[in-house]
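Numbering (our numbering), first residue to last: 24 to 283. Single-structure report; data block below.
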Amino acid sequence: MKLFFTKTLLLLMLLSLFSCETKNSKPKPKPYKAGVILSFDDAYVDEWYEADQALKKYSWKATFNVCRIDSIGAPQIKKLLEMQKYGHEIAGHGYHHYNAVKFTQEYGISQYMNQEINPMITSLKNKSFKTTSFAYPYGERSESLDRALSPKFKIIRGRAFGGEIPEKQDSYFNNSKIVFAFDIDNSHIHFSIPYLLELLHYAKENNKILILCGHKPVKEITENYQTKIETLEFICKYMKLNDLKFYKLSDLDNLLPQKQ
């Protein structure tokens with residue numbers, strides 16, 4: 024009888040230990056298909072719309088991070104709503120497009136929320152945009168800003184400023200709601216088609232989601248903050264040939280191992 028109770032006690036202890044390990048273990052990331060997020064910043068609505076018409080043949084989807092929403096004309100708002108209906112994401116990029124880090128250093132986070140974030144959310148909602156993601160203007164962020172914005176948005180995007188080898192590049196989904204994008208504007212110091220090809224190939228081979236950002240899609244480059252339509256075509260063709268998936272920033276929320 025004593026031996027029976029000893030074995031039973033040991034079994035209960037093992038079960039208890041296993042239960043504790045299960046409760047304390049971190050949730051595993053959800054499986055997902057390799058793909059790309061194409062995101063665009065500012066308010067180049069007419070150019071975004073033209074790019075959409077050119078790239079629809081690839082069944083593409085993109086995230087358009089809009090700033091100065093109350094300064095955009097009615098025809099452009101109509102285009103954005105049409106793009107949202109088609110399946111694109113309309114996300115936030117600031118009410119005035121203030122540099123978040125510089126603004127908060129001078130005026131504080133509370134003023135930033137009151138002047139840059141809250142009116143942006145209200146205006147986007149009043150115009151029937153379903154906004155759950157935010158991209159920092161100029162890509163500059165801080166941990167304190169991330170904490171302040173986290174209750175407001177499901178996904179928050181900064182920028183990856185370096186040109187590291189793909190395995191050290193920050194512009195892949197990292198199972199966090201704070202993500203970073205590589206800039207594909209022609210004026211970006213680290214941008215080139217060969218390097219972009221390396222990033223795409225790494226995403227394909229390692230089942231990653233590559234996050235990219237640009238500003239104004241154009242046929243010919245005439246100034247800074249412009250992305251060639253030819254570059255976007257190159258990305259779409261590569262994705263089609265290699266069976267990569269188009270994601271939006273908002274899609275990442277469903278892939279998080281837990282709500283963060």
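By construction, the Cβ of each residue, glycine as well, lies at the ideal position given by its N, Cα and C atoms. Since this is a predicted model, take the numbers as computed values, not measurements.
Exercise. For the candidate residues Gly58, Ile100 and Leu172, whose alpha-carbon lies nearest to that of Asn149?
Worked result: Ile100
For this session: Please state if the CB of Leu279 and the CB of Asn198 are separated by a distance shorter than 8 Å.
Result: yes
Exercise. Can you name, in chain order, every residue of its own chain whose Cβ lies under 6 Å from the Cβ of Asn265, other than the five neighbours on each side?
Worked result: Lys227
For this session: Work out the CA separation of Lys177 and Phe184 for me, nearest whole Å.
Result: 23 Å
Exercise. Counting pairs of beta carbons, one from the stretch 54-71 and one from the stretch 85-100, are three or more of them closer than 8 Å?
Worked result: yes
Problem set entry | Residue from Thr245, Pro160, Pro217 and Glu246 with nearest C-alpha to Ile258 | Pro217
Exercise. Taking DSSP as the reference, what is the three-state secondary structure of Asn230?
Worked result: coil
Exercise. Whole alpha helix (DSSP H) runs in the stretch 58-86 with 4 or more residues, listed along the chain?
Worked result: 68-78
For this session: Can you grab the Cα-Cα spacing for the pair Ile207 / Gly237, in whole Å?
Result: 5 Å
Exercise. From Leu168, Thr155 and Ala85, pick the residue whose C-alpha is nearest to that of Phe126; which is it?
Worked result: Leu168
Exercise. Would you call the stretch 132-140 and the stretch 79-89 in contact, with 3 or more CB pairs under 8 Å?
Worked result: no
Exercise. How many whole angstroms separate the CB atoms of His116 and Ala158, which I take to be in contact at a CB cut-off of 8 Å?
Worked result: 5 Å
Exercise. For Asn285, is the classification buried or exposed, using 16 other Cβ atoms within 10 angstroms of its Cβ as the cut-off for buried?
Worked result: Past the edges of the chain, shown from 24 to 283, lies residue 285, and the structure says nothing about it.
Exercise. Do you know offhand how far Leu38's Cα is from Ser273's?
Worked result: Its pLDDT being 44, under 50, Leu38 is placed unreliably in this model, and the coordinates cannot settle the point.
Problem set entry | DSSP state of Ala171 mapped onto helix, strand, coil | helix
Exercise. So the alpha helix (DSSP H) Gln249 belongs to, where does it begin and stop?
Worked result: Here Gln249 belongs to no alpha helix (DSSP H); instead the beta strand (DSSP E) covers Gln249 to Lys251.
For this session: Assuming Leu172 contacts Phe205 (C-beta within less than 8 Å), just tell me the rounded distance between them.
Result: No, Leu172 and Phe205 are not in contact; Cβ-Cβ is about 21 Å, not under 8 Å.
Exercise. What alpha helix (DSSP H) runs, 4 residues minimum, are completely inside the stretch 80-123?
Worked result: 97-109
Problem set entry | Residues of its chain near Thr45, where Cβ-Cβ distance is below 8 Å and the 5 sequence neighbours each way are ignored | Unreliable positioning characterises Thr45 in this predicted model, as indicated by a pLDDT of 44, which lies under 50. A coordinate reading is not provided.
Exercise. Which one or two residues does DSSP pair with Tyr195 in a beta bridge?
Worked result: Leu233
Problem set entry | CA-to-CA distance, Tyr121 to Leu241, given in whole angstroms | The amino acid occupying residue 241 in the given sequence is Val; Leu does not appear at that position. Going from the Cα of Val241 to the Cα of Tyr121 covers about 25 Å.
Exercise. Relative to the alpha-carbon of Leu219, which residue among Asp193, Ile232, Ile244 and Thr254 has its alpha-carbon at the smallest distance?
Worked result: Thr254
Exercise. Short check: CB of Asp189 to CB of Leu222, under 8 Å?
Worked result: In the sequence under discussion, the amino acid at residue 189 is Pro, which differs from the Asp named in the question. Contact: yes.
Problem set entry | Alpha-carbon to alpha-carbon, Gly162 and Ile60 | 16 Å
For this session: Going by DSSP, name the residue or residues bridged to Pro52.
Result: None, per the DSSP bridge assignment.
Exercise. Applying the criterion that 16 or more other CB atoms from any shown protein chain within 10 Å of the CB defines a buried residue, is Lys79 buried or exposed?
Worked result: exposed
Problem set entry | CB contact flag (Ala123, Ile252, <8 Å) | no
For this session: Please say whether Phe196 and Lys9 have beta carbons closer to each other than 8 Å?
Result: As shown, the chain starts at 24 and ends at 283. That puts residue 9 outside it, with no answer to give.
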